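Colleague: Residue numbers (my numbering), protein chains in the order written: chain W, 5 to 155; chain A, 1170 to 1316.
First, the structure itself, so that you have it in front of you.
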Amino acid sequence: MPIQINKSFKGKELPPFTVTVERGKIKEFARAIGDSSPFYLDDAVGRASQWGDIIAPPTFAATFRDESYDSGAFLRELGTEVSRLLHGEQEFEHRKPIRPGDTLLCRTRVVDIYEKTGRSGPMAFVLREMTVTDQANDIVAAVRHTTVIRL
Amino acid sequence: MKYARVYFEDVEVGHALPPLVKGPIAQIQLTRYAGASGDFNPIHQDEAFARAAGMGGVFAHGMLSMGFVAQAVTDWLGVGTVQKIGVRFAGLVRLEDVITCRGTVVAKRAAKEHEEQNLVELELWAENQKGEKVVTGRATAALLSRG
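Below, the structure written as structure tokens:
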């Protein structure tokens, strides 16, 4: 008996949150991937670069999360749990570089929820889009995330 | 010359991205990525949890593989050039897997007006040691002109 996914989240906004980009976090993230580019790791190279500081790798915005938000509660309200999740698709669109000290506003919308039966059985897809803006209210990045729930 | 600047004129449709080989994937790298990214899903850390979830054991964060693919692009075209990158996670990456990131240039679009940028479109994928695709995707990079 497959689980039932609560589709009432479709179109809803999740609570907005802000993140302040930490220098050490950029370096930790680049090192975790095994990317040793000095544009991520070396402050002197960053200062001499066109950006005036180190910048974050292309997938860094995946670290932006709302620490005060209970993601377990979101999953329960959706009708699922973490062990059923797979990451289906991910996309980043960048307009401005992400630098240490940037304070960024992250707004997430649940764009779509739909079900489909694939090779490995029935699955639900939850597409979320996060828009990241800076203090000048310019769009820095758009992040699209498709979660697959094994039903 | 790993970080030499690549200009728009240096890249042609059909050019292959220099392959980037990562791995063998070790548990410690998944633990490190969990800490760096804040994704502590136990399915990437805890063998018993992953088996009980029906996944046959731990597997890597999709986002780690996406990080590898993005690095393959920036190693070649330069940090700060990626305007857009999107992937589909086509298969699981397991411990001990060796991941090779590959890609080809599928389109070029020269800036027409002063404000525009020269864009290069890439098809990307990552495969394991058996040649199975674990990630497929596309990226758009903005490159400077020599002129």
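In this text, a Cβ means the ideal position worked out from N, Cα and C, and glycines have one as well.
If you're wondering where the values come from, they're calculated on a predicted model, not measured in any experiment.
Quick one, which residues of the region 1194-1224 of chain A are near chain W if we go by CB-CB under 8 Å, in chain order?
Modeller: Q1198, R1201, Y1202, G1204, A1205, S1206, G1207, D1208, N1210, P1211, I1212, F1218, A1221, A1222, G1223
Colleague: Could you pull the start and end residues of the beta strand (DSSP E) that K1302/A belongs to?
Modeller: 1302-1312
Colleague: Got a sec: which bits of the region 67-82 of chain W sit with their beta carbon under 7 Å from any beta carbon on chain D, in order along the chain?
Modeller: Going by chain labels, chain D is absent from the structure shown, which instead holds the protein chains W and A.
Colleague: With E81/W as the anchor, note down where its alpha helix (DSSP H) starts and where it stops.
Modeller: Start and end: 75-82.
Colleague: Just to confirm my understanding: we take E95/W, look at its own chain, exclude 5 residues before and 5 after, and list those with CB closer than 6 Å. What are they?
Modeller: Within the same chain, Cβ atoms closer than 6 Å to the Cβ of E95/W are found at R148, the five residues on either side in sequence being excluded.
Colleague: By DSSP, does P42/W sit in helix, in strand, or in coil?
Modeller: Shown here, P42/W sits in a helix according to DSSP, grouped into three states.
Colleague: How big is the Cα-Cα spacing for T84/W and A52/W?
Modeller: When only Cα atoms are considered, T84/W and A52/W end up about 48 Å apart.
Colleague: Please classify Y118/W as buried or exposed, where buried requires at least 16 neighbouring CB atoms within 10 angstroms.
Modeller: exposed
Colleague: Quick one: what's got a C-beta closer than 6 Å to A1239/A's C-beta in the same chain, skipping five residues either side?
Modeller: I1254
Colleague: Does chain W have any CB closer than 8 Å to the CB of L1233/A?
Modeller: yes
Colleague: Where do the ends of the alpha helix (DSSP H) carrying I30/W lie?
Modeller: 27-37
Colleague: Applying the 10 Å Cβ sphere with the 16-neighbour rule, what's the burial state of D1179/A?
Modeller: The residue in question, D1179/A, is exposed, as its Cβ has fewer than 16 Cβ neighbours within 10 Å.
Colleague: Using a Cβ cut-off of 8 Å (strictly closer), state whether R1257/A contacts chain W.
Modeller: yes
Colleague: Report the residue ranges of all alpha helix (DSSP H) runs contained in full by the region 68-150 of chain W; include only those spanning at least 4 residues, in chain order.
Modeller: 75-82
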